Amino acid sequence: MRVRDALGPLFSDEDFTAGEFEEMYADLGRPGISPALLVMVTVLQFLHNLSDRDAAVAVADRISWKYALGLELEYTGFDASVLCEFRARLASGDRADALLSLMLERLKAAGLVRSGGRQRTDSTHVLACVRRLNRIECLGEALRAALEEIARTSPGLIVPLLGPGWDERYGRKVETSRLLRRKNASAARLAEQIGADGQSLIAAIDADATAGWMNDLPQVKIMRELWDQHFEATGTGQLRYRDTRELPPSAQRIRSPHEIDARYSTKGTPGADSVEWTGSKGHLTESCDEDLPNLVTDVHTTCATEPDVSATTPIQDKLIDRDLKPGEHLTDSGYPTGANIGASLERGITLIAPVTIQTGRGAHNGTFTPKDFHVDWQAGVTRCPAGATSISMRPKKNGLIRVAFSRAHCRPCPIRAQCTSSAPHLGRSLEIHPEPIHTARMRMQTEQDSPEWRETYRVRAGIEGTVSQAVRGPGLRRSRYRGLAKTHLQNVLIGIAINIRRLGAHYDTTTRSDRRPTRIHALCTQHGIATTA
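Just so you know, we're using this note's numbering here: the sequence shown kicks off at 7 and counts up by one.
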């Protein structure tokens with residue numbers, strides 16, 4: 007309510023007639039419910055972490071919602087299914103990002119966000135809206151879903167395939183804990199049996215000249231792809247269950263036939279602190295200027311297997327498109343690379359993040375790293391710690407520069423053991439980035455050891471609280487919907503909901519009394535006892 011009093015409506019129906027929203031509604035037909043109203047209802051739904059039905063009831067019953075939405079008290083609301091249909095429209099194309107851009111335009115006009123300031127980014131894992139399946143369960147569920155899809159329209163194709171055990175395996179959801187309960191049950195035999203059953207279905211479709219259309223059914227296509235990933239045809243016409251080492255990489259493997267965008271990934275050092283999940287990854291970016299409220303300026307959703315470095319440039323591009331280019335962009339060590347540092351420099355953005363010059367063997371055993379070599383770019387030579395100059399500096403196809411030293415200098419060098427572990431007849435070589443990126447990396451490496459840099463970088467930790475707020479309140483940790491597009495829409499709506507909550511706190515003029523002191527603190531104060539030792 008405070009946000010509406012201070013800023014007025016954040017969205018209007020006219021916003022949904024141009025740009026990304028131009029084809030969101032047809033020109034003909036019965037008038038629909040106001041999209042501006044539905045957007046705010048959806049945002050409030052995520053703000054309070056409500057279901058569609060509870061949100062629809064709140065619109066009709068809660069006076070605070072009607073005030074925030076600008077509705078008359080007599081407004082009776084709408085059916086809960088309207089919210090599902092509206093989200094399906096918003097999930098198409100880039101409408102989710104455009105929705106956040108609309109809000110940021112209003113906030114920018116009100117002076118609440120601006121370009122040239124500080125912004126910070128961090129990511130977190132998002133669990134898919136499906137149960138976690140092992141390989142056998144994934145294959146069994148894929149076949150069961152394909153059978154159900156075909157049985158709805160052409161049960162005659164399924165009946166000849168049915169045999170003893172099919173109902174037990176595919177009559178309900180596939181669980182290895184149930185199917186392997188029998189004595190002498192074998193996981194390998196069960197996988198081979200499911201593979202043979204699926205192959206018989208594929209053969210029946212291929213043998214029927216009138217059943218070609220079934221190959222276009224979504225679940226049949228998913229089943230075929232999974233069979234290609236997990237089975238290999240042998241010379242005898244049988245299927246061989248692939249070994250785990252023969253499977254495609256995690257970025258390509260389907261983990262559930264009910265959510266083909268979900269991928270398995272891990273984060274952190276293997277052990278107690280590592281995180282493993284099946285789903286996606288969400289990146290939140292917020293402003294962090296001291297004189298303005300901290301507001302979410304971008305939400306980026308990627309596949310779970312994509313590293314954070316792949317998100318740096320797209321996030322900055324979207325901020326620039328919104329005319330919110332940061333002067334300083336604070337991230338953790340997962341976001342900067344040589345390419346990202348160079349791209350940030352070209353955009354006029356200072357990327358502030360810990361940079362590791364070398365992460366291989368030399369970084370752990372105390373040998374020299376590229377930081378210990380002096381590059382004279384004008385002369386085109388590099389000087390090693392022992393004073394020898396390079397014999398060549400040649401660009402490579404990957405954009406790096408290979409620096410080579412003569413073996414005549416390296417072989418008798420007294421500090422060779424600290425420099426290289428290559429064969430005695432070889433000289434030292436290293437790869438560095440081109441001059442602008444190399445210079446920036448060396449500068450960042452030097453600056454991050456200074457107290458001033460540490461003080462600046464302390465601000466980045468605030469984004470951890472934003473991620474925590476998104477997880478604990480609106481429920482960012484678990485996706486409500488299936489598909490990466492709908493998951494991204496959910497993440498964007500959560501970002502907008504966080505902005506609403508923070509704007510409400512920003513415009514709250516209520517004076518709060520100080521927290522009551524503890525009895526120990528009161529006694530120390532009363533008797534003049536120092537609070538610190």
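Beta carbons: idealized from backbone N, C-alpha and C, even for Gly.
On a predicted model such as this, the values are computed, not experimentally measured, just so you know.
A straight-line Cα-Cα distance of about 53 Å links Leu113 and Thr182.
For the set Ile355, Asn346, Thr303, the Cα lying nearest the Cα of Ala317 is the one of Asn346.
Minimum Cα-Cα distance from Ile200 among the listed residues Trp233, Ala215, Phe92 corresponds to Trp233. Counting along the chain, the unbroken alpha helix (DSSP H) around Tyr463 starts and ends at 457 to 463.
Comparing alpha carbon positions, the residue from Ala268, Asn55, Gly146, Leu105 closest to Val45 is Leu105. Shown here, Lys377 sits in a helix according to DSSP, grouped into three states. For Pro161, the three-state secondary structure derived from DSSP is helix. Taking a 10 Å sphere around the C-beta of His289, we find 16 or more other C-beta atoms and assign the residue as buried. CA-to-CA, the gap between Pro41 and Ser262 works out to about 34 Å. The three-state secondary structure of Ala385, taken from DSSP, is coil. Just so you know, the alpha carbons of Pro391 and Gly405 end up roughly 25 Å apart.
With contact defined as three or more Cβ pairs closer than 8 Å, the region 23 to 36 and the region 456 to 470 are not in contact. DSSP places Glu437 within a strand segment (E or B) once states are collapsed to three. Around the CB of His236, 16 or more other CB atoms lie within 10 Å, so the residue is classed as buried. In this structure, Pro342 sits away from Leu436, with a CB-CB distance that is not shorter than 8 Å.
Under DSSP, the beta-bridge partners assigned to His289 are Ser129, His306.
The three-state reading of DSSP puts Val226 in helix, counting H, G and I together. Between the alpha carbons of Ile355 and Gln322 lies a distance of about 9 Å. Residue state for Phe237 is assigned as strand, using DSSP reduced to three classes. Asp338 is positioned such that its CB atom lies closer than 8 Å to that of Ala359. Under the DSSP definition of a beta bridge, Ile407 partners with Pro401, Ile438. Exclusion of the five residues before and after Leu118 leaves Leu298, Pro299, Leu301 as the residues of its chain whose Cβ lies within less than 7 Å of its Cβ.
The region 174 to 214 contains, as complete alpha helix (DSSP H) runs of 4+ residues, the segments 182 to 185, 193 to 213 (chain order).
Below 8 Å, too few C-beta pairs join the region 84 to 96 and the region 470 to 477 to call them touching: fewer than three.
With a cutoff of 8 Å on beta-carbon distance, Arg124 and Asp295 are scored as near each other. Per DSSP, reduced to three states, the secondary structure at Ile326 is helical.
Listed as beta-bridge partners of His335 by DSSP are Gln125, Leu357. As a beta-bridge residue in DSSP terms, Thr284 pairs with Tyr270. When the beta-carbon positions are compared, Leu89 and Val63 stay at least 8 Å from each other. For the pair Glu111 and Val226, the CB atoms are not nearer than the 8 Å cut-off. Rounded to the nearest angstrom, the Cβ distance from Ile142 to Ala193 is 6 Å, consistent with a contact under 8 Å.
If you compare the alpha carbons of Leu149, Leu186, Glu441, Ile535 with that of Ile526, the shortest gap goes to Ile535.
Rounded to whole angstroms, the gap between the alpha carbons of Asp173 and Val281 is 37 Å. Sequence-distant partners of Asn140 (beyond 5 residues in either direction) whose C-beta falls short of 7 Å from its own C-beta, in its chain, are Thr182. In this structure the region 18 to 30 lies against the region 92 to 105, because at least three pairs of beta carbons, one per stretch, are closer than 8 Å.
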